[in-house]
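Protein chains in written order, with this note's numbering: chain G, 1 to 153; chain V, 154 to 306; chain H, 307 to 459.
Cβ atoms here follow ideal geometry from the backbone N, Cα and C, with glycine treated the same way.
Treat the numbers as computed from the prediction; the structure is a model and nothing was measured.
These notes concern the structure reproduced below.
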Amino acid sequence: MSKAEDKIKELGLVLPAAPEPMGAYVPFAKSGKIVFVSGQLPRQDGKIICTGKVGSGVSIEKAQEAAKLCGLNALSVLKAASGDLDHIKQILRLTCWVASDASFFDQPKVANGASDLMLAVLGDAGKHSRMTTGVNVLPGDATVGVDLIAELK
Amino acid sequence: MSKAEDKIKELGLVLPAAPEPMGAYVPFAKSGKIVFVSGQLPRQDGKIICTGKVGSGVSIEKAQEAAKLCGLNALSVLKAASGDLDHIKQILRLTCWVASDASFFDQPKVANGASDLMLAVLGDAGKHSRMTTGVNVLPGDATVGVDLIAELK
Amino acid sequence: MSKAEDKIKELGLVLPAAPEPMGAYVPFAKSGKIVFVSGQLPRQDGKIICTGKVGSGVSIEKAQEAAKLCGLNALSVLKAASGDLDHIKQILRLTCWVASDASFFDQPKVANGASDLMLAVLGDAGKHSRMTTGVNVLPGDATVGVDLIAELK
Numbered sequence: 001m002s003k004a005e006d007k008i009k010e011l012g013l014v015l016p017a018a019p020e021p022m023g024a025y026v027p028f029a030k031s032g033k034i035v036f037v038s039g040q041l042p043r044q045d046g047k048i049i050c051t052g053k054v055g056s057g058v059s060i061e062k063a064q065e066a067a068k069l070c071g072l073n074a075l076s077v078l079k080a081a082s083g084d085l086d087h088i089k090q091i092l093r094l095t096c097w098v099a100s101d102a103s104f105f106d107q108p109k110v111a112n113g114a115s116d117l118m119l120a121v122l123g124d125a126g127k128h129s130r131m132t133t134g135v136n137v138l139p140g141d142a143t144v145g146v147d148l149i150a151e152l153k
Numbered sequence: 154m155s156k157a158e159d160k161i162k163e164l165g166l167v168l169p170a171a172p173e174p175m176g177a178y179v180p181f182a183k184s185g186k187i188v189f190v191s192g193q194l195p196r197q198d199g200k201i202i203c204t205g206k207v208g209s210g211v212s213i214e215k216a217q218e219a220a221k222l223c224g225l226n227a228l229s230v231l232k233a234a235s236g237d238l239d240h241i242k243q244i245l246r247l248t249c250w251v252a253s254d255a256s257f258f259d260q261p262k263v264a265n266g267a268s269d270l271m272l273a274v275l276g277d278a279g280k281h282s283r284m285t286t287g288v289n290v291l292p293g294d295a296t297v298g299v300d301l302i303a304e305l306k
Numbered sequence: 307m308s309k310a311e312d313k314i315k316e317l318g319l320v321l322p323a324a325p326e327p328m329g330a331y332v333p334f335a336k337s338g339k340i341v342f343v344s345g346q347l348p349r350q351d352g353k354i355i356c357t358g359k360v361g362s363g364v365s366i367e368k369a370q371e372a373a374k375l376c377g378l379n380a381l382s383v384l385k386a387a388s389g390d391l392d393h394i395k396q397i398l399r400l401t402c403w404v405a406s407d408a409s410f411f412d413q414p415k416v417a418n419g420a421s422d423l424m425l426a427v428l429g430d431a432g433k434h435s436r437m438t439t440g441v442n443v444l445p446g447d448a449t450v451g452v453d454l455i456a457e458l459k
């Protein structure tokens, strides 16, 4: 059992199977040690479980949980790409997309749901640069999306 | 004639000249074998030919065609960057931006217009990771934008 | 004194200290010579100084200044990452996010505020590929955001 997967268990989480793509793309692409992980939505068993916009119907807390689930799905793709999450050298870039009412400004707090998970599971390897934005709508009316770029050992 | 360009002809398409940038940037930047292609809009002969938002005025079908044209423009930039589309090893990341009414949720179907083109033209080399988002507006009121990162052989 | 910092002085600008992250992430991540710079907002002394949306309250000129400040903050992070801005080989990708009213279409003009700064400060090394988008809202109600990927010498 990998250290990272032990951490996931300690957090009371279960690493899912890597989600199926929602279109004509693949879950990840690799160039040498660099892995590009496709955008992840808050999907569980294939179903988006958090829809709607933060600031009009969805609370920050719920959106943070959704971001965490996006992050967990991204980790499942990284496991498929690396064979073992302990082989991740660094999360280089995490981009967090928050479906937002135009009057909601706390997207970074939402994104922390995904960022905190990376740090908790991967330790130093989980420290990442980040871009966070609001958008008016995401695929499937999802509340949050996360994509990332990582380097393998 | 390259295999990829043969495919483009078979699809009844014409690879345009790489579009001029719309600001103080360059069509692509390279780091070793990695090419970063600037955002492409559905421009033909310099003019954006699909404007407006999906879900309020623009149909999915029209937006898919716009995404395909964005993809074709991205291929023209990749040709300029590589000399020959057959030199593309892999499309690593495609990001698709869909100008959307906040009640439209089928962005991935729109993005498939670009993704399917990559697969049809480049085969296995066209398999890519992807992020798709809705946005409230794109430059020039374009309906779709596509940017990408690719690796050359 | 580096040539790039001389240029910054000539432009009447002051390179600030790299801004503190606004969440659970780091200002930059590196993979070999490639630096991923986290999203920068128009912050001065820690405070966002340009808020609101272009097309409803914020002028293009003001937004361009905001984009320039984002770019300056990105340069400060690049200095922290490289030790010396003259060690930058190339800005590979600049992404500019413009908080926009849905009827505003001139995002590229806004983005030029950041792009022109890169060219003025870094010369050929500042030539970059770019993606520019409108979004309905950015963290902290900022008018503009800029993130980038660069290669060091």
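Inter-residue CB distance, residue i and residue j (contact presumed, cutoff 8 Å)
| i | j | result |
| --- | --- | --- |
| V341/H | L381/H | Between L381/H and V341/H the Cβ distance is about 12 Å, and since that is not below 8 Å, they are no contact. |
| R283/V | G39/G | 7 Å |
| L41/G | G145/G | 6 Å |
| G363/H | S406/H | Between S406/H and G363/H the Cβ distance is about 11 Å, and since that is not below 8 Å, they are no contact. |
| S184/V | E457/H | 5 Å |
| A182/V | D422/H | Not really, about 17 Å apart at Cβ, beyond 8 Å. |
| V167/V | V230/V | Contact flag wrong, Cβ pair sits at about 15 Å. |
Any C-beta of chain H under 8 Å from that of residue i
| i | result |
| --- | --- |
| L119/G | yes |
| A170/V | no |
| I88/G | no |
Cutoff 8 Å: residue i Cβ touching any chain G Cβ
| i | result |
| --- | --- |
| G329/H | yes |
| I161/V | no |
| Q217/V | no |
| S268/V | yes |
Chain H residues whose Cβ lies nearer than 9 Å to that of residue i
| i | result |
| --- | --- |
| E61/G | Going along chain H, no residue has its Cβ under 9 Å from E61/G, so there is no contact; the nearest lies around 16 Å. |
N- and C-terminal bounds of the beta strand (DSSP E) containing residue i
| i | result |
| --- | --- |
| V251/V | 241 to 252 |
| G345/H | 340 to 346 |
| E304/V | 297 to 305 |
| K30/G | 28 to 31 |
| S282/V | 282 to 288 |
Spatially closest choice to residue i from the options, by CA coordinates
| i | options | result |
| --- | --- | --- |
| A114/G | A102/G, D124/G, W97/G | W97/G |
| K156/V | A278/V, I302/V, L301/V, S282/V | A278/V |
| N226/V | V211/V, M271/V, S212/V, G293/V | M271/V |
| P414/H | V179/V, L247/V, Q217/V, D159/V | V179/V |
| K221/V | K186/V, G165/V, V290/V, L305/V | G165/V |
| K200/V | A295/V, A255/V, A233/V, G208/V | A295/V |
| G71/G | G55/G, S82/G, T95/G | T95/G |
| K306/V | G293/V, K232/V, K162/V | K232/V |
| A17/G | D45/G, K7/G, E10/G | D45/G |
| S212/V | D269/V, E304/V, V263/V | V263/V |
| I202/V | I302/V, H240/V, I244/V, P292/V | P292/V |
| R399/H | K336/H, E316/H, L454/H, K339/H | L454/H |
| A81/G | K33/G, Q64/G, S103/G | K33/G |
| E371/H | N418/H, L321/H, H434/H, N442/H | N418/H |
| M328/H | M22/G, L85/G, F105/G | F105/G |
| I88/G | G52/G, P19/G, H128/G | H128/G |
Per-residue contacts from residue i into chain V (C-beta, under 8 Å)
| i | result |
| --- | --- |
| F410/H | V290 |
Limits of the unbroken alpha helix (DSSP H) element including residue i
| i | result |
| --- | --- |
| E214/V | 213 to 235 |
| E5/G | 3 to 10 |
| K262/V | 260 to 275 |
Within chain G, the residues that residue i reaches when beta carbons sit closer than 9 Å
| i | result |
| --- | --- |
| V332/H | K127, H128, S129, R130 |
| G429/H | Those within 9 Å of G429/H in chain G number zero; the least Cβ separation is about 25 Å. |
Chain G residues whose Cβ lies nearer than 8 Å to that of residue i
| i | result |
| --- | --- |
| T296/V | Simply none; closest approach about 14 Å. |
| S253/V | N136, V137 |
Neighbouring residues, chain V, relative to residue i (Cβ below 7 Å)
| i | result |
| --- | --- |
| A417/H | G176 |
| Q413/H | P292 |
Where residue i meets chain H, residues with beta-carbon distance less than 7 Å
| i | result |
| --- | --- |
| T133/G | W403, V441, L444, G451 |
| G192/V | R436, M437, T438 |
Contact set between residue i and chain G, taken where Cβ atoms lie within less than 7 Å
| i | result |
| --- | --- |
| L245/V | A29, S31, F36 |
Residue i: CB within 7 Å of a non-hydrogen atom of the ligand NAD
| i | result |
| --- | --- |
| G446/H | Ligands displayed in this structure: none; no statement on the ligand NAD is therefore possible. |
Residue-level contact to chain V via CB, residue i, 8 Å cutoff
| i | result |
| --- | --- |
| S362/H | no |
Proximal residues of chain H, C-beta to C-beta of residue i below 8 Å
| i | result |
| --- | --- |
| E151/G | S337 |
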